[in-house]
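In our numbering, the protein residues as written are 106 to 710.
Written as structure tokens, this is what we have:
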């Protein structure tokens with residue numbers, strides 16, 4: 106590389122880093138220490154000076170067209186389809202290695218400012234349903250994968266304005282995976298903890314090494330060890346307590362429902378067709394939790410904006426950015442550097458070491474013919490995988506293909522209690538069943554009961570497909586266990602009490618899924634989107650004529666008015682409470698903002 110003005114040439118990696126910082130430089134948001142280095146680089150780099158000029162032109166064009174306040178897109182992108190039969194876009198040829206590192210920064214920044222960019226194509230763009238179907242097909246067909254990513258994070262700590270990471274991931278269907286996150290940040294001093302993470306998993310075990318938990322206000326010095334190491338041996342297949350971050354590979358759960366995201370348009374990345382998608386942060390949780398599988402990261406609000414560039418052939422994510430609603434600049438950017446769906450075999454068989462903190466998963470492999478588990482007749486294209494028993498006597502059948510999986514667990518005997526928020530659904534023949542989103546122990550699932558057994562069927566299949574699979578299990582189901590201290594009722598019954606009001610407004614896609622009466626007579630109704638992935642993303646409406654005052658709390662509150670009544674809002678709990686005359690009302694929605702929750706409250710009639 107020729108010298109310019111007597112300066113030594115910079116490395117290609119550093120060159121790309123300077124290009125990535127140009128947007129912040131133009132907006133005046135680059136820290137002084139980084140600004141000086143970039144200015145010096147610009148003096149000696151004609152290519153970057155030309156790029157700066159183009160970006161300033163784009164910036165000027167954007168600023169000539171001011172807009173009003175950023176609208177709340179909740180109503181546009183949060184709905185879920187209860188049933189869909191998407192058109193599957195099959196790959197024309199087997200996908201091979203892609204180099205992404207040389208993508209021009211100009212194209213990247215233009216993508217992030219919206220769909221009005223002239224070169225963003227809109228003709229013949231696939232619909233959200235077509236993309237969802239294609240992602241499902243890619244997940245079913247993927248056998249192996251290797252990739253590297255770059256992460257840029259801003260806002261983690263006031264003394265560390267920018268952090269940078271290199272990520273390596275390898276995968277072999279359906280449960281073998283390695284993930285390494287190398288922290289390349291330049292910290293103020295060596296006492297700052299580095300956010301290095303390593304995760305390994307296979308059919309027998311799971312292991313992770315990550316930094317010890319350290320509260321932000323205690324940084325940079327934390328008591329205790331610098332790293333934590335823990336693992337699981339005799340791991341159950343598809344164990345919900347130690348999940349694999351597979352949405353980093355193909356965002357199957359992130360794009361599980363076609364109305365959880367908006368298709369902005371189609372563009373080209375490194376010579377390949379790609380789609381640009383937009384969603385709220387809460388709908389991108391599976392991807393974000395995959396890239397943040399361990400360690401310490403900055404937090405986001407549920408309604409922050411997420412943009413994803415996804416390859417139109419392989420359906421691998423190429424670039425994902427998260428931008429706070431009040432900001433114009435992404436606070437987290439994940440960019441693919443290399444992608445390969447045919448890596449060497451030794452890269453996808455990492456082996457799992459023993460950890461300092463080791464848990465026994467209690468798994469014992471068994472011949473499936475020796476188990477007394479009612480098996481589904483319809484498997485949605487999946488194939489038998491592992492079968493066995495647990496240390497608690499549960500019998501398990503599993504099925505898999507690519508990244509897609511199904512797990513049937515049979516428990517002898519009847520449960521004493523069952524979640525009151527479970528959504529009743531009907532199987533073929535009118536048989537009762539119950540649908541539940543994922544929690545800390547189990548994945549998204551359908552539960553069924555017989556006279557002497559409890560079966561819970563976990564899967565990442567689409568909701569309606571999962572219900573069809575469960576419906577093919579030849580057993581006579583009965584109603585779930587009676588709650589001990591509450592009464593399960595219909596939604597109409599819960600909203601037909603003298604002191605209750607029904608919401609005239611709900612965000613798009615939400616519907617009543619469960620209702621019950623608490624011991625004090627309070628009416629509780631739960632609203633969810635049909636294919637919600639995680640628990641806690643729903644809306645809970647509580648109304649009572651037995652509560653005269655708002656309960657004492659140590660939480661911080663904001664005060665607003667609802668139809669003339671003072672109401673208190675807890676951002677931490679996502680809960681709005683108020684006394685309406687002589688009736689207590691509360692709305693708990695951790696994944697919604699105050700404006701949306703207040704609109705629900707104002708709409709109670």
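Glycine included, every Cβ here is placed at the ideal spot set by N, Cα and C.
Looking at the DSSP output, residue 276 shares a beta bridge with 250 and 282. Between residue 363 and residue 234, the gap from beta carbon to beta carbon is short of 8 Å. Excluding the 5 residues flanking it on each side, residue 663 has same chain C-beta neighbours closer than 6 Å at 674, in chain order.
Annotated as proximal: residue 528 and residue 619, with beta-carbon spacing under 8 Å.
A contact is defined here as three or more CB-CB pairs under 8 Å, and the region 254 to 262 fails this definition with respect to the region 275 to 283.
Per DSSP, residue 503 is one residue of the beta strand (DSSP E) stretching across 500 to 506.
If you look at residue 619, you'll find it isn't in any alpha helix (DSSP H); it sits in the beta strand (DSSP E) that goes 616 to 622. Contact annotation: residue 296 and residue 325 have beta-carbon atoms nearer than 8 Å.
Sequence-distant Cβ neighbours of residue 241 in its own chain, meaning closer than 6 Å and more than five residues away, do not exist here. For residue 535, the secondary structure class from DSSP, reduced to helix, strand or coil, is helix. When the beta-carbon positions are compared, residue 342 and residue 509 stay at least 8 Å from each other. When the beta-carbon positions are compared, residue 386 and residue 543 stay at least 8 Å from each other. Three or more beta-carbon pairs separated by less than 8 Å link the region 387 to 406 to the region 301 to 315, which places the two stretches in contact.
In the pairwise beta carbon analysis, the region 468 to 488 is classified as not touching the region 311 to 318: fewer than three pairs are separated by under 8 Å. When secondary structure is reduced to three states using DSSP, residue 639 falls in the strand class. Note: residue 311 is bridge-paired with 306 and 337 in the DSSP secondary-structure output. Looking at the DSSP output, residue 633 shares a beta bridge with 616.
Inter-residue distance for residue 496 and residue 516 is about 12 Å (C-alpha atoms, whole angstroms). Checking the DSSP bridge columns, you'll see residue 702 has no partner listed. Counting the other CB atoms within 10 Å of its CB gives residue 635 a total of 16 or more, which places it among the buried residues. Comparing alpha carbon positions, the residue from 556, 575, 465 and 541 closest to residue 482 is 575.
One thing to note: residue 392 has its Cβ no nearer than 8 Å to the Cβ of residue 368.
In the DSSP secondary-structure assignment, residue 672 is bridged to 665 and 683.
Between residue 410 and residue 428, the beta carbon gap of about 5 Å places them in contact (Cβ cut-off 8 Å). Out of 613, 683 and 630, the CA that lies nearest to the CA of residue 697 is found in 613. Of the residues assessed, residue 141 falls on the exposed side of the cut-off, its CB having fewer than 16 other CB atoms within 10 angstroms. In the displayed model, residue 153 falls within a helix according to three-state DSSP. In this structure, the straight-line span from the alpha carbon of residue 431 to that of residue 633 is close to 27 Å. The continuous stretches of beta strand (DSSP E) do not include residue 574, which lies in the alpha helix (DSSP H) extending over residues 568 to 576. Annotated three-state conformation of residue 369 is strand, per DSSP. Assigned with DSSP and collapsed to three states, residue 549 falls in coil, not helix or strand. Of 278, 262 and 646, the smallest CA-CA separation from residue 691 is found for 646. In this structure, residue 340 sits away from residue 376, with a CB-CB distance that is not shorter than 8 Å. Distances from the CA of residue 261 to each of 292, 286 and 149 were compared; the closest alpha carbon is that of 292.
Within the model, the alpha-carbon separation for residue 308 versus residue 626 is close to 48 Å. The Cβ atoms of residue 479 and residue 578 lie closer than 8 Å to each other.
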